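The structure under discussion appears below in the form of structure tokens.
In our numbering, the protein residues as written are 509 to 580.
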């Protein structure tokens with residue numbers, strides 16, 4: 509499972525303590541997580557972190573790169 513943490517546009521990186529306070533969506537695959545991140549980006553939200561049960565952690569910059577690759 510993957511958790512996608514989002515916040516209002518312009519939000520900064522989050523600390524582990526702040527993570528528990530943010531809304532998140534669960535996804536079954538990384539592809540689904542990136543798809544949700546794309547949706548959130550289109551609706552004016554910032555996706556700050558994608559975290560997987562397998563230890564995967566993508567920060568905002570890595571998510572932005574993945575979204576750019578997906579669009580090309």
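All residues carry an ideal CB built from backbone N, CA and C; glycine is no exception. Just so you know, these numbers come straight off a predicted model, no measurement behind them.
Go through its chain and collect everything with a Cβ distance to residue i's Cβ below 7 Å, but skip five positions before and after it.
{"i": "residue 532", "result": "511, 512, 513"}
{"i": "residue 578", "result": "542, 546"}
{"i": "residue 571", "result": "545, 555, 558"}
For a quick check, are the C-beta atoms of residue i and residue j less than 9 Å apart?
{"i": "residue 558", "j": "residue 564", "result": "yes"}
{"i": "residue 515", "j": "residue 556", "result": "yes"}
{"i": "residue 538", "j": "residue 567", "result": "no"}
Where residue i and residue j are concerned, what is the direct C-alpha to C-alpha distance, given to the nearest angstrom?
{"i": "residue 553", "j": "residue 562", "result": "25 Å"}
{"i": "residue 521", "j": "residue 569", "result": "10 Å"}
{"i": "residue 527", "j": "residue 576", "result": "25 Å"}
{"i": "residue 473", "j": "residue 549", "result": "With the chain covering 509 to 580 only, the question about residue 473 has no answer from this structure."}
{"i": "residue 509", "j": "residue 540", "result": "10 Å"}
Consult DSSP for residue i and reduce its assignment to one of helix, strand or coil.
{"i": "residue 565", "result": "strand"}
{"i": "residue 539", "result": "helix"}
{"i": "residue 515", "result": "strand"}
{"i": "residue 556", "result": "strand"}
Quick one: residues in its chain with C-beta nearer than 8 Å to the C-beta of residue i, no 5 flanking neighbours on either side, listed in chain order?
{"i": "residue 530", "result": "513, 514, 515, 522, 556"}
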